[in-house]
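Inspection log for the structure reproduced underneath, given as structure tokens.
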Amino acid sequence: MQYILQIIGFTDAEFAEGEGPTAQEFIAWQQAMVGAGVVAGGGFLGDYQLATSVQVSREGEQVITNGPFPESREYLGGWTIVDVQDLDAALQWATSCPGAKYGRVEVRPVMG
Amino acid sequence: MASSAAGSVEAVFREDRGRLLAILAARLGDLDLAEEVASEAIEIALRRWPVDGVPDQPLGWLVATARRKAIDRIRRDRPYAARLAELQVEADRVVAPLEIFAGDDLPDERLQLFFTCCHPALPFEAQTALTLRFLAGLSTPEVAQAFLVPVPTMAQRIVRAKRKIRDARIPFRVPTGPELTHRLPAVLRVVYLIFSEGYAASAGDEMLRVHLSDEAIRLARILHRLMPGQREVGALLSLLILTDARRPSRVDAEGVPISLEDQDRSRWDHQLIAEGRQLLTEALDRRAGLYAIQAAIAALHTEATDLDSTDWPQIVALYDMLLARAASPVVALNRAIAIAMRDGPEAGLALLDGLTAGEQLRGYHPLPAARAELLRKLDRNREAIAAYQQALDIADNESGRTYLARRLRDLTQVRQHEGGALAKPVLDRARRLTRGQA
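If you read the protein sequences in the order shown, they are chains A and B.
Heads up, the first sequence stops at 111 in numbering that gives the first Met the number 0, and the numbers go up one at a time, no gaps.
Heads up, the second sequence stops at 437 in numbering that gives the first Met the number 0, and the numbers go up one at a time, no gaps.
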């Protein structure tokens with residue numbers, strides 16, 4: 000069964016020098032999952048400040064805005080899709096995600 | 000004959016419904032199908048057993064019958080069969096899906112079901128509901144009534160939780176190692192809160208409620224049997240038993256609480272007390288868990304012949320341990336009461352005033368009720384009356400309100416007798432609330 004692990008960061012989390020998750024930690028986590036043969040997809044995203052949002056009004060008018068909504072506290076930093084036996088197995092991988100210490104990892108089944 | 004057979008049928012279901020469901024759910028990997036075929040098997044048993052007699056191995060009979068029903072269902076319903084097959088393939092199971100054994104060596108798989116029902120991925124309210132529904136064998140209307148929510152609301156809650164178990168594939172398994180250490184407290188918390196809900200009956204008429212305390216003790220006994228090596232499980236069972244042993248004297252004939260001070264201790268259940276203490280002895284080790292500490296407090300109460308001879312210094316020390324491990328304003332309130340018993344009402348009152356100044360216990364009627372009690376002991380009756388009134392204003396449980404109203408009435412009568420100036424509305428209110436109780 001496939002689950003998406005969405006790595007979610009908090010915009011108001013400020014890290015002092017030397018704190019916060021490192022790229023090496025994320026690479027090691029990815030490698031562990033690849034080694035276990037559970038990765039079915041994924042990607043790391045650019046900074047949320049690079050985001051551009053598109054909405055289409057009821058009249059069909061395109062509205063382009065800068066970034067995510069200003070009031071949103073959370074942003075998606077990256078995701079991984081794992082193919083594992085059950086929710087407990089997916090939760091174990093989420094627990095070892097370096098981002099879980101600083102934001103949260105949202106686990107949801109991929110329904111098809 | 001038929002009615003006695005029907006009676007034993009009921010008894011078997013009560014005990015075995017949880018085991019039946021657990022076996023079926025673990026084998027089928029699907030709670031809905033397990034429930035459906037379990038109900039069908041029980042229906043057949045209800046028809047047949049009063050006529051044919053109860054089989055030698057009722058559980059084995061039920062499992063075999065449910066298994067046949069599951070095979071029928073799978074043959075009839077191809078999409079269902081396909082989904083189950085997919086589950087089996089993905090789960091890499093060695094056992095064939097319907098290889099369910101019959102006979103007296105049926106495994107007890109309720110522990111797996113406990114961990115599924117109390118999975119932290121489910122909302123807490125659903126955890127208690129599922130545990131009562133599937134492991135205690137209560138019907139949905141009974142669970143709804145126990146928690147004082149409308150039946151459709153409870154049905155919806157259970158349906159949503161079952162859907163999450165199925166669609167997010169919450170497994171039927173007992174965690175091991177450090178994962179077990181993380182997950183066990185959630186299971187124990189569910190059982191503990193089912194007990195507390197039954198014990199304190201937070202709202203409504205107690206007489207109409209299913210005996211949640213009994214159900215919780217039954218569940219704790221099952222857990223203890225299945226996990227004999229887990230000290231906190233034994234400690235929880237000990238705590239529930241020692242608390243429950245005091246039930247016979249806790250309320251009067253009208254169901255109104257009796258204060259610990261006025262309880263007839265000879266009516267406590269001494270057999271239960273002995274059992275609870277034995278369990279506690281087994282559960283205690285150098286680093287006592289939270290339930291073990293609470294059980295030790297309950298045990299100290301059962302050892303004393305009255306309130307004054309209770310080992311209050313030891314109880315205060317245990318509350319200190321509890322607070323250090325898990326700070327909670329309710330524990331702080333109980334500690335303050337113990338301090339009042341050890342050092343006198345003023346000392347307790349000072350602590351309660353500190354808690355009153357904090358916001359955390361706003362709306363929690365035991366706090367002003369405890370203040371009122373201490374103020375009364377200090378003969379500060381006017382303040383005591385005000386505190387009882389405050390407690391009455393926020394108490395939502397009928398029998399608790401009657402208790403408070405009686406205390407208030409006793410005090411106002413004292414003051415009247417003393418010739419003290421009494422606000423008429425206070426007296427009227429106390430009379431109104433205790434009408435028919437005197």
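Backbone N, C-alpha and C define an ideal beta-carbon position, used for all residues, glycine too.
Every value quoted in this text rests on a predicted model; they were computed, and no experiment measured them.
By the rule that beta-carbons nearer than 8 Å mark a contact, A120(B) touches chain A.
Taking Y290(B) as reference, the option from W48(B), L192(B), A167(B) with the minimal CA-CA separation is L192(B). Ranked by how close their Cα comes to the Cα of I73(B), the residues Q262(B), D319(B), L27(B) have L27(B) in first place.
Between the C-alpha atoms of E382(B) and I314(B) there is a straight-line separation of about 28 Å. The beta carbon of L86(A) falls within 8 Å of a beta carbon belonging to chain B, placing the residue at that interface. Look at G42(A) here: in three-state DSSP terms it is strand. Around the C-beta of P140(B), fewer than 16 other C-beta atoms lie within 10 Å, and the residue is accordingly described as exposed.
Here DSSP, grouped into helix, strand and coil, assigns D251(B) to coil. Interface residue (Cβ-Cβ distance to chain B less than 8 Å): M0(A) is classified as such.
About 19 Å separates the beta carbons of L278(B) and L321(B), which is beyond the 8 Å limit, so they are not a contact pair. D310(B) carries a coil assignment under DSSP once its states are collapsed to helix, strand and coil.
Within the same chain, L110, Q111, F114 come within 6 Å of V173(B) by CB-CB distance, once the 5 residues on both sides are set aside. In this structure the segment 222 to 239 of chain B does not touch the segment 375 to 394 of chain B; the number of beta carbon pairs closer than 8 Å is below three. Within the model, the alpha-carbon separation for A135(B) versus S265(B) is close to 31 Å. For I221(B), there are no neighbours in chain A by C-beta distance under 9 Å, as the nearest C-beta there is about 22 Å away.
Residue-level contact by beta carbon fails for P149(B) and chain A, as no gap is shorter than 8 Å.
Per DSSP, the unbroken alpha helix (DSSP H) holding G59(B) starts and ends at 57 to 75. Under a 10 Å Cβ-count criterion, G40(A) is classified as exposed, with fewer than 16 other Cβ atoms of the shown protein chains found around its own Cβ. Contact annotation for R172(B) against chain A: D85, D87 [CB-CB distance below 9 Å, chain order]. Under the Cβ criterion of 8 Å, D166(B) is counted among the residues facing chain A.
L373(B) and G399(B) do not touch by the CB rule: their CB atoms are close to 18 Å apart, not below 8 Å. Scanning S195(B), G353(B), L121(B) for the CA closest to the CA of R165(B) turns up L121(B).
The beta carbon of C117(B) sits closer than 7 Å to those of Q126, T130, A185, V186, V189, all from its chain and outside the five residues before and after it, given in chain order. Per DSSP, E73(A) lies in no alpha helix (DSSP H) segment; the continuous beta strand (DSSP E) that holds it begins and ends at 73 to 82. For P97(A), no CB of chain B lies under 8 Å from its own CB, so it is not counted at the interface with that chain. Contact of P67(A) with chain B by beta-carbon distance below 9 Å is absent, the smallest such distance being about 26 Å. The beta carbons of G275(B) and A244(B) sit about 6 Å from each other, so the pair counts as a contact at 8 Å. Judged by DSSP secondary structure, V109(A) falls outside any alpha helix (DSSP H); it is assigned neither H nor E. Residues V53, V55 of the same chain have their beta carbon placed closer than 7 Å to that of Q61(A), with the five preceding and five following residues left out of the count.
Selection E231(B), D307(B), P49(B) evaluated against L283(B) yields E231(B) as nearest (Cα-Cα).
Taken through DSSP and simplified to helix, strand or coil, L317(B) comes out as helix. Neighbours of P108(A) in chain B, taken as residues at a C-beta separation under 9 Å, are given in chain order as D166, A167, R168.
By the criterion of at least three beta-carbon pairs nearer than 8 Å, the segment 361 to 368 of chain B is not in contact with the segment 338 to 345 of chain B.
Judged by DSSP secondary structure, I7(A) falls within the beta strand (DSSP E) whose first and last residues are 1 to 9. Distances from the alpha-carbon of T411(B) to those of A386(B), D392(B), N396(B), E397(B) put A386(B) closest. Annotation: the continuous beta strand (DSSP E) that includes S52(A) extends over 51 to 55.
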